[in-house]
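Enquirer: Got a structure for you, questions after.
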Amino acid sequence: MVLSHRLIKSALKPFLLLVALVSFSVTAVSFAQQANADSSDKPQYSAVYKEAKKHLGTSYVYGATGPTHFDCSGFTKYVYKKSIGKAIPRTAQAQYRGTKKVSKSHVKKGDLVYFGSSTFGISHVGMYIGNGKMIDSQNRGVVTEKVYAPWWHVVGFSRPATLSYD
Numbered sequence: 001m002v003l004s005h006r007l008i009k010s011a012l013k014p015f016l017l018l019v020a021l022v023s024f025s026v027t028a029v030s031f032a033q034q035a036n037a038d039s040s041d042k043p044q045y046s047a048v049y050k051e052a053k054k055h056l057g058t059s060y061v062y063g064a065t066g067p068t069h070f071d072c073s074g075f076t077k078y079v080y081k082k083s084i085g086k087a088i089p090r091t092a093q094a095q096y097r098g099t100k101k102v103s104k105s106h107v108k109k110g111d112l113v114y115f116g117s118s119t120f121g122i123s124h125v126g127m128y129i130g131n132g133k134m135i136d137s138q139n140r141g142v143v144t145e146k147v148y149a150p151w152w153h154v155v156g157f158s159r160p161a162t163l164s165y166d
């Protein structure tokens with residue numbers, strides 16, 4: 001009886017080793033595929049920025065959603081949908097409420113910047129493009145300008161989509 005137990009045990013060792021090796025290999029491949037998917041599945045900031053830049057100079061019309069005229073939130077909504085297929089709410093207030101907030105210290109290109117009297121009184125939105133600047137649609141049409149211009153009161157920032165950067 002002892003001999004047959006030892007024989008079974010010695011015969012199972014290679015089988016169990018093979019099962020462990022296959023399990024480890026499948027797990028390693030799965031993690032590698034997930035890491036690649038995480039970086040390559042993110043939309044490119046360059047696509048969002050390129051779409052936004054196409055509309056520089058487009059005239060402002062209150063309530064317009066593009067592409068021949070925009071208001072501020074119509075512009076951000078249009079740019080995100082057209083460039084990467086991301087739907088965001090229609091109004092500046094709804095965009096602020098419906099997207100992930102980020103702190104000023106964590107703002108990235110492509111994030112939205114909100115202006116107004118408070119988080120309950122959002123009156124304007126633009127897209128941050130780096131170096132303290134944004135692209136937005138306002139009374140002068142679609143323009144680039146400083147985020148911290150004296151006529152703006154920054155209320156907060158949000159990230160409508162996680163983007164990768166070239």
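Numbering of the sequence shown is given in UniProt numbering, commencing with residue 1 and proceeding in unit increments. Cβ coordinates follow ideal geometry from the N, Cα and C atoms, glycine included.
(1) What does a CB cutoff of less than 6 Å around residue 159 pick up in its chain, not counting 5 residues either side in sequence?
(2) Is the separation between the beta-carbon of residue 127 and that of residue 61 shorter than 8 Å?
(3) Would a C-beta distance cut-off of 8 Å place residue 164 and residue 49 closer than the cut-off?
(4) Helix, strand or coil for residue 105 per DSSP?
(5) Would you say residue 149 and residue 123 are within 8 Å of each other, going by their C-beta atoms?
(6) Let's see if you can read the secondary structure: which residues bound the beta strand (DSSP E) around residue 138?
(7) Along the beta strand (DSSP E) that carries residue 126, what are the first and last residues, could you check?
(8) Residue 84 and residue 43 - do their beta-carbons sit closer together than 8 Å?
Expert: A quick look at the data gives this:
(1) 100, 102 and 111
(2) no
(3) no
(4) helix
(5) no
(6) 133 to 138 is the extent of the beta strand (DSSP E) around residue 138.
(7) 122 to 130
(8) yes
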